[in-house]
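J.: Sharing a structure here in structure tokens format.
In the numbering used here, the protein residues as written are 3 to 349.
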């Protein structure tokens, strides 16, 4: 016998509360412990009922999803999954929610009242399971370090002239990337190219939010954009981003691993252009996107970093990269920035 995952569903629409509840209650390993119509009610019920997971609508009256999240983080140990409609305000709030500790978000298919919410049924239930697993992951103080070389010896022995930094992430990535990118110095003197799995519209809000807090210029990438040093290029949702002769190319070729943009597309193209001048880092995320890309980076003489299991929200992408044998070092989240700066001789 196992404990079912207890979920609190928060949405100002009675229809949406019913539809989301039906999706969750149709699963054998989870159930809706209660629902709430706004942020105030969500906070009261979270305290009273101690749910494992909260699905939280972004756009609500009286207290919106972001305001509710801040309060929920103070009174509840539940992991929070944001449900967002694609509006300018909704996408901006969602990005800020991820920075403030929301586990992940799900885009409603057709706005605040999505009659077709069943289109994302699998995504809702899958992310609830991942959030529950993360909540219950054993916390240890043992940091996983690469079996290949130690941190210090690798930095001191690596003398390549690097000319591009590639970053790839999915679930849990927005906060990690925000923390890393906003701490990069303004004289890093290489371009940073980023794939974060996100739907169309949210990557613009992600880039804008980071740009306000960064020493570097952060932009959502555009087709045929010349790549410049000290600029961070975020792959736009819905498009693969590649590097061709020092220029960004966007395309609508088929999804890879069910996603577009894909880390593999960026890493492979950049490795073939920059050759041994690449530092590539794979962060937390579901699936195996990036594994083929790190093979290409290593084949061309570049350097590969993977986030460790203890600090990954989901260890899927780093694990797949590590299993290729092409990762140079495995580091916890809070050591990756300094390691990159040492490679670049900026620290």
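Every residue gets a Cβ at the ideal spot worked out from N, C-alpha and C, and that includes glycine.
#1: Assuming the contact rule is C-beta atoms closer than 8 Å, residue 12 and residue 54 should be a hit. Round their C-beta distance to whole Å, please.
#2: For residue 267, name the three-state secondary structure that DSSP assigns.
#3: With the cut-off set at 9 Å, would you say residue 225 and residue 266 are in Cβ contact?
#4: Using the rule of at least 16 other Cβ atoms within 10 Å of the residue's Cβ for burial, across every protein chain shown, is residue 110 buried or exposed?
#5: Here's the rule: buried if 16 or more other CB atoms are within 10 angstroms of the residue's CB, otherwise exposed. What is residue 19?
#6: Note down, in chain order, each residue of its chain lying with its Cβ closer than 7 Å to the Cβ of residue 293, except the 5 sequence neighbours on either side.
#7: Any contact between the stretch 22 to 34 and the stretch 88 to 108? By contact I mean 3 or more CB pairs, one from each, below 8 Å.
#8: For residue 335, which residues in the same chain have their Cβ closer than 7 Å to its Cβ, ignoring the five residues on either side in sequence?
#9: Taking the straight line between their C-alpha atoms, what separation do you get for residue 73 and residue 165?
#10: Does the pairing of the stretch 248 to 265 with the stretch 226 to 240 give three or more beta-carbon distances under 8 Å?
#11: Which residue's Cα is closest to the Cα of residue 97: 50, 200 and 171?
#12: Any chance you could list the alpha helix (DSSP H) runs of at least 4 consecutive residues sitting entirely within the stretch 218 to 284, in chain order?
#13: Compute the Euclidean distance between the alpha carbons of residue 49 and residue 78, then round it to the nearest angstrom.
#14: From the DSSP output, in three-state form, read off residue 166 for me.
#15: So, helix, strand or coil for residue 8, using DSSP?
T.: According to the data block:
#1: Contact doesn't hold; Cβ gap of about 14 Å is too wide.
#2: Under the three-state reduction of DSSP, residue 267 is assigned to helix.
#3: Residue 225 places its beta carbon 9 Å or farther from that of residue 266.
#4: buried
#5: Residue 19 comes out buried.
#6: 322, 323 and 326
#7: no
#8: 178, 309 and 313
#9: 43 Å
#10: yes
#11: 200
#12: 265 to 276
#13: In this structure, the alpha-carbon of residue 49 lies about 6 Å from that of residue 78.
#14: It is a strand residue.
#15: In the structure shown, residue 8 sits in a strand (DSSP, three-state: E or B).
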